[in-house]
Amino acid sequence: KFGSHPHGFDALMEMMRNWIRTLPLNGEAASVGLNSAKDNGGVRVGFVQFSGYNYWRSEARKTPSGTGTGGRLSGVLAELEADVDWHEDNYMGDGTMIEAGLDMAVDVFHGSPLDGRQRVLFIFTDGEIFDPNSLAAARTELDKEQVQVFGIVMRKASAHTKADLDAEKTLKPITSDPHDDHFINVPLDDMMDEVFKDFCDPAGPFGAAIQQVQQQQQQQQGGGAAQ
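In terms of our numbering, the sequence shown opens at residue 776 and continues consecutively.
Here you go:
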């Protein structure tokens, strides 16, 4: 049990559903791909699920072609909600290994133009990451794709357990620099308010870091959208 929720993954995905309903989506379907218009403004979102098969092989999933976004970025609510449904029905379980998930996230960003718009990746975990020494190549590719990486440890309760601290120890170094500005360890029951609500607000845990990068990009290139 995760706080007041019987299943942590389903609770996370329902929070995702509620979150995307509040976002200023840009209305572009996933099929737009590399033809996405930067001056549309608004946000596009994509989902990747990761796990470790029997704790020894990193695996990841995104929605298949013909379902929702087809594993791509989208600014259409109906496509994103279909993704949420698919991931809830195809929960992977097993251990926490993220190499394949990061590689898949790189592929998702590859399908979008690298034209100065802001790129953000949220990594959620409830346990220790078992392949932290296998992530250098994927992190390098995310940096090349100009992706700002944030990490969130989902706790089952208010008090920190050893499992929570082990998760923090292995996830935090994967985030962007400075790590303290790109990481939070939070009870699942508090995550909607602590992470999703007004996530670009400078007063929030991540808002200042997001806005700092946004201001740097605007100064360098002028204007821009998020994805």
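Glycine included, every Cβ here is placed at the ideal spot set by N, Cα and C.
Option nearest G802 by Cα separation, candidates M791, S849, G926: Considering only alpha carbons, the answer is S849.
Alpha carbon to alpha carbon, how far is E789 from N908? Give it in angstroms, no decimals. A direct Cα-to-Cα measurement between N908 and E789 gives close to 31 Å.
Rounded to a whole number of angstroms, what is the C-alpha to C-alpha distance between A804 and P980? Here the C-alpha atom of A804 lies approximately 30 Å from the C-alpha atom of P980.
I want to see whether chain C comes within less than 8 Å of M966, judged by CB atoms only; does it? Going by chain labels, chain C is absent from the structure shown, which holds only one protein chain.
Beta-bridge pairing of I898 - partner residues as DSSP gives them: G926, per the DSSP bridge assignment.
Where are the alpha helix (DSSP H) runs, 4 residues long or more, that stay fully inside the region 852-885, in chain order? Scanning the region 852-885 for uninterrupted alpha helix (DSSP H) segments of 4 residues or longer gives 852-864, 874-885, listed from N- to C-terminal end.
For L787, which three-state DSSP category applies? Reduced to three states, the DSSP call for L787 is helix.
To which residues of the same chain is V881 closer than 7 Å at the C-beta, ignoring the five residues directly before and after it? Counting only Cβ-Cβ distances below 7 Å, and skipping sequence neighbours, we find A913, E916, L917, E920.
Rounded separation between R819 and K972 - CA only: R819 and K972 have their C-alpha atoms roughly 17 Å apart.
Whole-angstrom distance between E854 and K776, CA atom to CA atom: Low confidence applies here, because K776 scores a pLDDT of 43, under 50, leaving its location unreliable and the question unanswered by this model.
Does the count of Cβ pairs from the region 896-904 and the region 858-868 closer than 8 Å reach three? The region 896-904 and the region 858-868 do not touch, with fewer than 3 CB-CB distances between them shorter than 8 Å.
When burial is assigned at 16 or more other CB atoms within 10 Å of the CB, is G841 buried or exposed? Residue burial is scored here from C-beta neighbours: G841 has fewer than 16 other C-beta atoms within 10 angstroms and is therefore classed as exposed.
Since G886 and L809 are thought to touch, with beta carbons under 8 Å apart, how far apart are those beta carbons, to the nearest angstrom? Confirmed, Cβ separation roughly 7 Å.
Contact belief for D956 with A932 at Cβ below 8 Å, rounded distance in angstroms: In fact, because the Cβ distance is near 25 Å, the residues do not count as touching under 8 Å.
DSSP puts I985 in a beta bridge; with which residues? Under DSSP, I985 takes part in no beta bridge, so it has no partner.
Buried or exposed: which applies to T936, given that a residue is buried once 16 or more other Cβ atoms fall within 10 Å of its Cβ? Exposed is the label assigned to T936, since fewer than 16 other Cβ atoms lie within 10 Å of its Cβ.
According to DSSP, is F777 helix, strand or coil? Confidence is the limiting factor: at F777 the pLDDT is only 49, short of 50, which leaves the residue's position unreliable, though a coordinate-based value still follows. Under the three-state reduction of DSSP output, F777 falls in the strand class.
Near F974, which residues of its chain fall below 7 Å by C-beta distance, leaving aside the five closest residues on each side in sequence? Taken in chain order, the residues that qualify are F981, G982.
Taking 8 Å as the threshold (C-beta atoms), are V961 and L946 in contact? Taking 8 Å as the Cβ cut-off, L946 and V961 do not qualify as a contacting pair.
Secondary structure, beta strand (DSSP E): runs of 3+ residues fully inside the region 914-985: Counting only runs of 3 or more, we get 922-930, 958-962.
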